[in-house]
Amino acid sequence: MKLSKKSLTVLSFTVGACLFVSTAFADALLGSGYDGLKSSAKNTAALMEKDLHSFTAEMLYTLKDNDQTLLQSSSINKTDTDNHVTEETEVTTNAKGETNTGYSYYDTKQTITRNSSDNTYYVMERPADVNRKGPSEFSNPFKEKGAAEVEKIVDAVVGSLKDSVQVEEGTDGGKVFTGSLSEAQVPALVNAVTSFGIKRMLGRERDLPDIESDIFVKKVVGQAIENKAGYLENVTGEVTLSGKDKNGVQHDLNLNVIVKLTAIGSTKIIKPDLTNAKVEKVNQFGGFSSKYVGTYENDIVMDKDGKFVKIGERKVVIASIEGSKVTGTYTETVNPGFESDYPNKDAFSFAYNLAESPTFTYTDAKGEQKYGMIHPGAAGKIYFDMNVQVSVSERSVFKSSSSIKPFFDGEFSRVFE
Amino acid sequence: MAGFKAAFMNEAVKLLKKKKIMAAAILSILAVMIGQIAVTTIKHGLGLRIVGSAQFPIAVLTFVAYTILPLFAVFVAIDMFNGESASNTMKITLLRPVSRFGVFSAKVLNLALFIVGNLLFIMVLSLLAGFIFNPSSASLVGILKVIVSYGLTFFPVFVFALIVVLLSNVIQGGLAVFFLSILVYIGFNFLGIVFSSYSSFFITSMFDWYTLWISESINVFKICRQILIMSGCGIMLFTTGYYFFDKKDI
Chain G
26 MKLSKKSLTV
36 LSFTVGACLF
46 VSTAFADALL
56 GSGYDGLKSS
66 AKNTAALMEK
76 DLHSFTAEML
86 YTLKDNDQTL
96 LQSSSINKTD
106 TDNHVTEETE
116 VTTNAKGETN
126 TGYSYYDTKQ
136 TITRNSSDNT
146 YYVMERPADV
156 NRKGPSEFSN
166 PFKEKGAAEV
176 EKIVDAVVGS
186 LKDSVQVEEG
196 TDGGKVFTGS
206 LSEAQVPALV
216 NAVTSFGIKR
226 MLGRERDLPD
236 IESDIFVKKV
246 VGQAIENKAG
256 YLENVTGEVT
266 LSGKDKNGVQ
276 HDLNLNVIVK
286 LTAIGSTKII
296 KPDLTNAKVE
306 KVNQFGGFSS
316 KYVGTYENDI
326 VMDKDGKFVK
336 IGERKVVIAS
346 IEGSKVTGTY
356 TETVNPGFES
366 DYPNKDAFSF
376 AYNLAESPTF
386 TYTDAKGEQK
396 YGMIHPGAAG
406 KIYFDMNVQV
416 SVSERSVFKS
426 SSSIKPFFDG
436 EFSRVFE
Chain C
22 MAGFKAAFMN
32 EAVKLLKKKK
42 IMAAAILSIL
52 AVMIGQIAVT
62 TIKHGLGLRI
72 VGSAQFPIAV
82 LTFVAYTILP
92 LFAVFVAIDM
102 FNGESASNTM
112 KITLLRPVSR
122 FGVFSAKVLN
132 LALFIVGNLL
142 FIMVLSLLAG
152 FIFNPSSASL
162 VGILKVIVSY
172 GLTFFPVFVF
182 ALIVVLLSNV
192 IQGGLAVFFL
202 SILVYIGFNF
212 LGIVFSSYSS
222 FFITSMFDWY
232 TLWISESINV
242 FKICRQILIM
252 SGCGIMLFTT
262 GYYFFDKKDI
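So the sequences go chain by chain: G and C.
With positions in the first sequence counted from 1, the corresponding number in the working numbering is that position plus 25.
With positions in the second sequence counted from 1, the corresponding number in the working numbering is that position plus 21.
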């Protein structure tokens, strides 16, 4: 049978169209390994936020330079979302083989930290009236503001590399995501940006070799294992960067990261027993405690006719510190004959609660409302900052350099009588 | 197929006489040169080795595959169909003892040859530049990867050129076809990014599919799907293009 030209055209068009549409749909439905990994990560984050009750996250990272370990750090982070308790143990080993162990424990009432260097437990009580987030509340990074936009940008940057993530069936019914990129596959732009960033970073660190030329990303390898329950329980990643130092010696810097999620639902956190241990209480407010009650002075010194002249003094009286409540007064006296050099004398009393705000408000000599802060300084000294700017929305404080008081350095010394 | 051979030779000669070939060659040389200058500057200025000698041609390819190559494929395709209709030379070709199918396939084959030629030219140039400027990191595997990458880039670009062929047979004005092609190109790229999970519907997202082949772990299923998508799309476009070419009144 000979097909007519028209039917041949129609037939071949249909075959082509069917092939194209069906495969493209299949491709879209199957998605890439990257998409699978992304949804798996989202799922894990969502589960960690509430459904896991308790879990242990182990993280180990190793930085090597041509097989010589420069830095190794392992941390075990236990979290109990039901009881709002977290515990963190971190062991760091540097290139010389010195190890440093850090331990911290957080619950709703207190924070306990210990450092291997002095074997003391530092205990910080959490004031009950502070309305802040519990220590063990894991915040889902995919739900943060702007996360969706960031995701789109990352997707676009990843581009065709999406397909270098492969999915395989795991042994226990889960999934195994693997991916590796060799030198040729790392896009030139990504390579340039990463290498430049790392070069800048290396320049600042003293312990790391100074790599100067021929820097490039040699290899990127990653693996993630999703278990039956649908969360990632084991993630490993490795990046190798190659370059030459001043003497032309080749260095391969290798960073290896392993993250494991274990003991889900069965993590138990035991509060450290402090009965026989060396304990030091730490005050919540940067060490600002009742020992700071007293009078502090600061001389007003002026540079006049090539000489330093004391024209008066400032006095801060901290009347009381009870818990987080601080009260006191501030006065300025100017010696006779210098009134014209120092016309605006401030005098006010202040009272504020450190747990609510690190700053107090006062009214200055011109009748304007201003903010001030007190910081503990060296023994017997305080820093009394005046005229600071407060940005209420960001809860951050910064000094305004343009309107510092004349002849003012802010350092007040204790007056002992 | 004596008629087809004659038609093919005819088209090939016409293509070679075009100034566009020169322009494509010059722009390709420029792209390679600018790329090499940029790489060398960054290497000496910042101490970063963005590409080794075997990676330089691939870096050039990522750039060229999205710019010069599709652009000139569009030019050549428009010239072959709209240009000849406009200058009334199409009649002469069709008066010869060869079927319309023969003429159409001869033209499309020449378009394919142009893309291959352009790719080959850029590959040789960039390989040379890579060896001259970064001789330290050359390897046989690297060169093989380059050859494979350039060879594979032909397919998606050719399928995209078939879209242009179809457009130039549907629409009369060459200029309109040109702008429409550019719009399609930009639109496909944009949609491929926005609806990234449906990117396999847009042929432009496969311009860098060679990365799948040269990766450490080859994703065979993905490659098979892409081959099927490209061939399906190619057959469909070729047939539709031919249908309109056949129907056209000259």
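All C-beta atoms in this analysis are idealised placements derived from N, C-alpha and C, irrespective of residue type, glycine included.
Would you kindly check if the distance between the Cβ of residue j and the Cβ of residue i is under 8 Å?
i      : j      : result
G:A249 : C:M257 : no
G:K293 : G:T265 : no
G:V359 : G:I343 : no
C:L212 : C:F223 : yes
G:K430 : G:M411 : yes
C:V198 : C:L188 : yes
G:E263 : G:L257 : no
C:C254 : G:F45  : yes
C:I136 : C:A94  : yes
C:Y206 : C:P91  : yes
G:D188 : G:S57  : yes
G:F241 : G:S267 : yes
G:S291 : G:K269 : no
G:E322 : G:F437 : yes
G:E393 : G:D371 : no
Taking CB distances under 8 Å as the criterion, tell me whether residue i reaches chain G.
i      : result
C:T261 : yes
C:A150 : no
C:S49  : no
C:A80  : yes
C:S221 : yes
C:L90  : no
C:E237 : yes
C:Q57  : no
C:R70  : yes
C:S160 : no
C:K243 : yes
C:Y264 : yes
C:T114 : no
Return no unless some Cβ of chain C is closer than 8 Å to the Cβ of residue i.
i      : result
G:S418 : Low local confidence applies: a pLDDT of 47 at G:S418 is under 50, so the model's placement there is unreliable, with the coordinate-based value given in what follows. So no, G:S418 is outside the interface.
G:S29  : no
G:D371 : no
G:I240 : yes
G:L286 : no
G:D324 : no
G:A53  : yes
G:S220 : yes
G:T261 : no
G:P212 : yes
G:F45  : yes
G:E194 : no
G:S207 : yes
G:T34  : yes
Quick check on the DSSP output: the beta strand (DSSP E) that includes residue i runs from which residue to which?
i      : result
G:Q135 : 135-140
G:F105 : Looking at the sequence itself, residue 105 of chain G is Asp, so the reference to Phe does not match. That run of the beta strand (DSSP E) goes 93-105.
G:Q191 : 190-194
G:I346 : 332-347
G:G127 : 124-131
G:N25  : What the structure shows of chain G is the stretch from 26 to 442, and residue 25 of chain G is not part of that stretch, so it cannot be assessed.
G:L206 : 200-207
Quick one: does the C-beta of residue i sit closer than 7 Å to a heavy atom of the ligand COA?
i      : result
G:A403 : Inclusion of the ligand COA in the displayed structure is not the case, the ligand content being empty and no account of it being possible.
What is the residue span of the alpha helix (DSSP H) that residue i lies within?
i      : result
C:R70  : Here C:R70 belongs to no alpha helix (DSSP H), and DSSP marks it neither H nor E.
C:N272 : As shown, chain C starts at 22 and ends at 271. That puts residue 272 of chain C outside it, with no answer to give.
G:D324 : Element bounds for G:D324: not the alpha helix (DSSP H) but the beta strand (DSSP E), 319-329.
C:T261 : 241-268
G:A120 : No alpha helix (DSSP H) holds G:A120; DSSP gives it neither H nor E.
G:E176 : 172-183
C:V169 : 161-191
Using a C-beta to C-beta distance shorter than 9 Å, which residues of chain A count as neighbours of residue i?
i     : result
G:G56 : The structure shown has no chain A; the protein chains it does contain are G and C.
Below 8 Å, how does it come out for the stretch 265-285 of chain G and the stretch 297-308 of chain G: are there three or more Cβ pairs, yes or no?
no
Start-end ranges of the alpha helix (DSSP H) lying completely within the stretch 73-145 of chain C, minimum 4 residues:
77-87, 89-99, 111-116
What residue ranges within the stretch 218-261 of chain G form continuous beta strand (DSSP E) runs of no fewer than 3 residues, ordered along the chain?
236-251
Could you say if the stretch 76-91 of chain C and the stretch 226-242 of chain C meet the contact criterion of at least three C-beta pairs nearer than 8 Å?
yes
Could you tell me which uninterrupted beta strand (DSSP E) segments, each at least 3 residues in length, are contained entirely in the stretch 362-423 of chain G, listed from first to last along the chain?
372-378, 385-388, 394-401, 406-416
Touching by the beta-carbon criterion (3+ pairs, under 8 Å), the stretch 72-87 of chain G and the stretch 97-111 of chain G
yes
Please determine if the stretch 380-387 of chain G and the stretch 397-411 of chain G are in contact, where contact requires at least 3 C-beta pairs separated by less than 8 Å.
yes
Within the chosen definition, does the stretch 312-326 of chain G reach the stretch 346-357 of chain G through at least 3 CB pairs nearer than 8 Å?
yes
Indicate whether the contact test is met: 3 or more Cβ pairs, each with one atom in the stretch 55-75 of chain G and one in the stretch 187-202 of chain G, closer than 8 Å.
yes
Spell out a yes or no on whether the stretch 120-136 of chain C and the stretch 22-33 of chain C are touching, meaning 3 or more CB-CB pairs, one atom from each, closer than 8 Å.
yes
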